[in-house]
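Q: Let me begin by handing over the structure; questions about it come next.
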Amino acid sequence: MVINVKLTNLLAYSSLVVRRVSHLGKHHGDFPYQLLLSKPTPLFHHKKQIQTVVPSTSTKNVTVPVENTPTADSLVRLDLEGLYEDIREGLSETQPELKLIAQYYFNGEGKAIRPVITMCMARAINFHLDQNTPYVLQKQKKIAQIAEMIHTASLVHDDVIDVADSRRSRPSVNIVWGQRKSIIAGDFILAMASKMLARLQNKQVIILLSQVLADLVQGEFMQLGARENKDERFAHYSEKTFKKTASLIAYSCQAVSVLSGADSTLQAVAFQYGRQIGMAFQLVDDLLDFIATSAQLGKPVAADLRLGLATAPVLFAAQKFSELNPLILRRFQEPGDAETAFRLVLRSDGLQRTKDLAHQYCNDAVTQIAQLTPSPYQQALVTLAHQLLHRMK
Amino acid sequence: MVSRNGLICWKTLQSGCIRSTNPVNVTISRRLCVSSQICQNNWVQAVSNAEKIVGLPTSFLSLRSEAIDEISNIAVYLKKLIGTGHPLLDTAKNLMYSQDKTNQTRGLLVLLVSKAAKIDQTQDILPKQRTLAEITDLVHAAHLIHTGVINLNTPNESLEMGNKMAVLCGDFLLARSCVLLANLQNLKVVELIAQAISDFSTAEFIDIVANETDSALDRWRYQSKLRYGTLLAHACQSSLILGDNVDLVEFGKYFGLEIALAWQANNEIQSYKNAKEKADHVLFKLFPPGTPFKEVISNFQAVRDTHVDAALQMLGELPKNDASLALCNIARALKY
């Protein structure tokens with residue numbers, strides 16, 4: 001039975017690899033960096049990668065590749081040791097109550113997915129460039145911290161905007177301290193992150209991460225309204241997803257590559273990997289909002305619908321069931337709208353197409369990272385893309 | 001065409017706010033309103049004259065052409081807030097359409113300091129210094145908007161919408177400031193402005209209550225320094241860094257702090273004069289219980305005047321020119 005499951009996973013994984021190969025010639029995404037793939041033999045690197053990842057099927061011990069290679073988590077565990085302590089320390093020199101609020105979400109319960117990706121990318125790029133300077137790594141660790149701080153500050157503000165009552169199985173900040181103080185604490189976290197950023201003494205890195213802040217707000221504004229024209233809706237959703245989720249990961253990845261001394265081509269690889277992973281990450285999240293149970297996700301099923309948000313599964317479903325369009329436009333506000341939408345999504349191919357799209361983004365991410373010199377870190381970034389897809393199973 | 005659209009949105013936004021009424025009286029003790037007529041005339045005169053020296057205030061200019069989507073979004077949602085009594089509407093109205101020139105004067109002061117510091121008065125204010133002036137006003141506006149978020153213990157759809165917009169508008173202005181700031185390409189300036197943001201956030205958590213070491217008045221001074229002083233001090237300091245006026249950088253820092261404190265003291269006096277419940281006003285709490293109204297005013301005027309005088313004395317360090325004279329006039333106008 002167990003072996004059966006694993007075999008299925010392996011098959012799914014192999015088909016993923018095949019699809020990835022068929023993807024190589026494809027134009028992926030519409031961001032300005034993607035045409036900068038100037039490494040002489042990306043295909044060769046790429047093939048080598050495939051061979052190292054996929055275990056031969058003749059091996060007796062059939063396991064999912066994810067378990068065979070070191071995970072990103074375990075590889076950068078040492079780098080990220082004390083991450084939350086350092087952040088809390090950085091937020092400690094202020095009024096006692098502000099300190100409590102600002103530190104509230106840095107209790108180590110978060111998955112720290114952004115710092116893990118950022119540090120893994122940093123290590124992979126450093127290996128690729130043979131960059132061993134200790135202070136470079138120190139600065140890269142700071143970027144991982146700053147990324148987590150920016151993310152958390154935006155969570156604090158989102159909780160007030162969405163009138164949330166809990167996060168990570170605890171009452172949300174706004175419930176404990178009220179909306180006003182929570183918002184101010186969010187600003188404080190951001191200000192401290194900016195100060196940290198300035199101390200890294202790199203102007204380009206500051207420009208990159210300030211763009212993230214602009215993107216986060218813009219994404220939030222985009223989320224306020226649905227596009228009248230249904231043909232524009234998916235592009236609008238993708239752009240919103242980039243700004244709200246992928247931007248932070250993409251620019252953090254690029255920032256650590258800048259600190260490592262990467263040229264613009266290599267920076268583009270880092271950025272693109274972060275972007276594709278970020279997009280896939282959000283698609284999987286949007287999918288799980290429909291299929292996971294409340295307990296698994298820590299929030300109610302179809303919470304997005306209840307917030308009035310039309311995510312990928314709904315947008316795909318609307319292509320089959322046009323009766324969804326008016327519901328999308330009125331943000332599922334009428335009684336029964338959310339239930340109707342939920343039912344139609346399950347009856348359509350919306351979930352499958354969302355999965356396919358997430359696969360595609362992960363494949364593209366793997367293609368990007370395959371251009372780096374093979375290293376355990378590069379490998380872990382490949383594994384991470386696969387783990388992400390496994391969340392959907 | 002693009003900027004035209006932006007302007008239209010902007011005007012809709014303004015007129016939407018202007019027509020608004022505010023049935024629920026949400027009092028914000030530090031709402032800065034210079035309403036005494038005589039005082040306002042002095043102030044407006046000094047500020048208007050100063051504007052002629054450094055050109056029109058740049059505040060919010062770039063927003064009108066470059067952030068059309070957000071602005072029109074904000075305009076639509078702000079209109080929905082009319083009648084809800086959410087303070088965001090008043091704040092927005094004051095920020096964009098203030099008659100008494102209290103809210104965009106920080107940028108103007110930064111421009112005047114930039115101009116006054118130039119030995120060669122034929123030299124223009126640098127574009128980077130103008131950007132910094134705009135950042136100063138944007139950051140201050142974000143601060144006002146975010147501190148206007150209100151606590152809601154029971155569900156209230158329209159006020160929740162108001163909070164949502166207040167968070168987004170403030171975030172939008174902060175993000176915009178960060179992008180402008182990053183593009184100034186000066187690490188020290190980024191750090192100084194970030195410190196100002198963390199200071200005014202901290203200020204919201206400070207009580208004005210005497211303790212073992214500090215009197216209530218000391219606490220007021222400390223809170224006002226964090227809330228308004230650091231931003232203006234660091235902005236003036238930054239403009240001199242950007243202008244390469246190495247010798248005057250320290251002057252900028254201390255002048256910015258003193259003028260901010262003088263200004264805030266003056267605002268407190270005006271709002272105390274207008275307050276219906278004098279006993280609820282912060283000034284009342286700074287002096288021993290039972291101090292008569294007139295005595296509170298005169299005592300606090302003395303506090304204000306020490307900061308005005310300190311600012312004036314520092315202005316003596318500047319070269320004599322139109323801009324430094326305008327700064328003196330603005331400082332003096334705070335006394336009357």
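Heads up: the protein sequence lines correspond to chains A and B, in order.
Here the first sequence stands for residues 1 to 393, where the numbers follow UniProt numbering.
Here the second sequence stands for residues 1 to 336, where the numbers follow UniProt numbering.
Glycine residues also receive a C-beta, built at the ideal position from the N, C-alpha and C atoms.
Predicted, not measured: the structure shown is a model, and the values here were computed from it.
Can you find the residues in the same chain that come closer than 7 Å, C-beta to C-beta, to A/Asp73, ignoring five residues on each side of it along the sequence?
A: Here the set comprises Val116.
Q: In the structure shown, what three-state DSSP assignment does A/Ser166 receive?
A: In the structure shown, A/Ser166 sits in a strand (DSSP, three-state: E or B).
Q: Identify the contact partners of A/Thr94 in chain B, using a Cβ-Cβ distance below 7 Å as the criterion.
A: What A/Thr94 touches in chain B: Thr202.
Q: Quick check: what's the CA-CA separation for A/Asn61 versus A/Pro376?
A: Confidence at A/Asn61 is low in this model, with a pLDDT of 33, below 50, so the placement of that residue is unreliable and no value is reported for it.
Q: So what does DSSP say about A/Pro171, is it helix, strand or coil?
A: Here A/Pro171 sits in strand by DSSP.
Q: How about B/Phe284 and B/Asn299: are their beta carbons less than 9 Å apart?
A: No; because the gap between Cβ atoms is not below 9 Å, this pair is not in contact.
Q: Could you spell out the range, first to last residue, of the alpha helix (DSSP H) harbouring B/His86?
A: Premise fails: B/His86 is in no alpha helix (DSSP H) and is neither H nor E.
Q: Report the rounded CA-to-CA distance for B/Gly256 versus B/Asn274, giving the unit in angstroms.
A: Spanning the two alpha carbons is a distance of roughly 27 Å.
Q: Just verifying my parser: in three-state terms, what is the DSSP assignment at A/Asp130?
A: Coil at A/Asp130, not helix or strand.
Q: For A/Ala312, which option in A/Glu323, A/Glu339, A/Glu334, A/Asp349 has the closest C-alpha, if you only look at C-alpha atoms?
A: Taking only the C-alpha atoms, the option nearest A/Ala312 is A/Asp349.
Q: For A/Pro326, report the span of its alpha helix (DSSP H) as first-last.
A: Element bounds for A/Pro326: 324-329.
Q: Decide if B/Gln264 is buried, meaning its Cβ has at least 16 other Cβ atoms within 10 Å, or exposed.
A: Buried, because 16 or more other Cβ atoms sit within 10 Å of the Cβ of B/Gln264.
Q: Looking at chain B, which residues of the region 246-269 of chain A have a Cβ within less than 7 Å of any of its Cβ atoms?
A: Against chain B - using a Cβ distance shorter than 7 Å - the region 246-269 of chain A contributes no residues.
Q: Which chain B residues are close to A/Glu97, counting only those with a beta carbon under 9 Å from its beta carbon?
A: Those are Phe205, listed as they occur along chain B.
Q: Looking only at its own chain, which residues have a Cβ that is under 8 Å from the Cβ of A/Val205, when we skip the five neighbours before and after it?
A: Once the five neighbours on either side are set aside, the close Cβ partners of A/Val205 are Ile143, Leu197, Ala255, Val258, Leu259.
Q: Can the beta-carbon of B/Leu226 be found less than 9 Å from the beta-carbon of B/Ile206?
A: Yes, the Cβ-Cβ distance between B/Leu226 and B/Ile206 is below 9 Å.
Q: Rounding to the nearest angstrom, what Cα-Cα distance links B/Val47 and B/Leu89 in this structure?
A: Answer to the nearest angstrom: the Cα atoms are 25 Å apart.
Q: Go through its chain and collect everything with a Cβ distance to A/Asp215's Cβ below 6 Å, but skip five positions before and after it.
A: So the list reads Lys243, Ser247, once near-sequence residues are dropped.
Q: Find the residues of chain B that neighbour A/Met149, judging by a C-beta separation of less than 7 Å, and give them in chain order.
A: Here the premise fails: no neighbours, minimum Cβ distance about 12 Å.
Q: Thinking B/Gly252 and B/Val113 are a contact (beta carbons under 8 Å), I'd like their distance in whole angstroms, please.
A: The Cβ separation is near 6 Å, so the contact holds.
Q: If the cut-off is 7 Å on Cβ atoms, which residues from the region 205-221 of chain B count as contacting chain A, listed in chain order?
A: For the region 205-221 of chain B, which is checked against every Cβ of chain A, the residues closer than 7 Å are Phe205, Ile206.
Q: Using a Cβ-Cβ cut-off of less than 7 Å, list which residues of the region 186-200 of chain B approach chain A; keep chain order.
A: From the region 186-200 of chain B, only Leu187, Val190, Glu191, Ala194, Gln195, Ile197, Ser198 have a Cβ closer than 7 Å to chain A.
Q: Taking C-beta to C-beta, are A/Leu381 and A/Ala124 nearer than 9 Å?
A: Closer than 9 Å, so yes.
Q: State yes or no: is the C-beta of A/Gly350 nearer than 8 Å to some heavy atom of the ligand MN?
A: In the structure on display, the ligand MN does not appear, and there are no ligands present to speak of.
Q: Does the region 106-125 of chain B come close enough to the region 232-246 of chain B that 3 or more CB-CB pairs lie under 8 Å?
A: Output reads yes: the region 106-125 of chain B touches the region 232-246 of chain B.
Q: For B/Ile135 and B/Ile71, which I take to be in contact (beta-carbon distance under 8 Å), what is that distance rounded to the nearest angstrom?
A: Wrong, their Cβ atoms sit about 18 Å apart, outside the cutoff.
Q: Are the beta-carbon atoms belonging to B/Ala235 and B/Arg106 less than 9 Å from one another?
A: The answer is yes: Cβ separation under 9 Å.
Q: Chain A partners of B/Ile150, CB-CB under 8 Å?
A: The contacting residues are Gln179, Arg180.
Q: Would B/Ala142 count as contacting chain A if we go by Cβ distances under 9 Å?
A: Yes, B/Ala142 counts as interfacial toward chain A.
Q: Flag this pair as touching only if the region 334-354 of chain A and the region 305-320 of chain A have three or more C-beta atom pairs under 8 Å; answer yes or no.
A: Enough Cβ pairs lie closer than 8 Å, so yes.
Q: Using a Cβ cut-off of 9 Å (strictly closer), state whether B/Ala50 contacts chain A.
A: Cβ-Cβ to chain A under 9 Å: no for B/Ala50.
Q: In terms of residues, what are the limits of the alpha helix (DSSP H) holding B/Thr147?
A: Per DSSP, B/Thr147 belongs to the alpha helix (DSSP H) from 127-147.
Q: Kindly list, in the order they appear in chain A, the residues whose Cβ is closer than 7 Å to that of B/Asn183.
A: Near B/Asn183 (Cβ distances below 7 Å), the residues of chain A are Ile207.
Q: Given that B/Cys147 touches chain A, what residues does it touch there, using C-beta distances under 8 Å?
A: Inspection of the sequence shows that residue 147 of chain B is occupied by Thr rather than by Cys. Under the 8 Å cutoff, chain A gives Arg180, Ile184.
Q: Indicate whether B/Ala331 and B/Ile53 have their beta-carbon atoms separated by less than 9 Å.
A: No, the pair does not count as a contact, with Cβ atoms beyond the cut-off.
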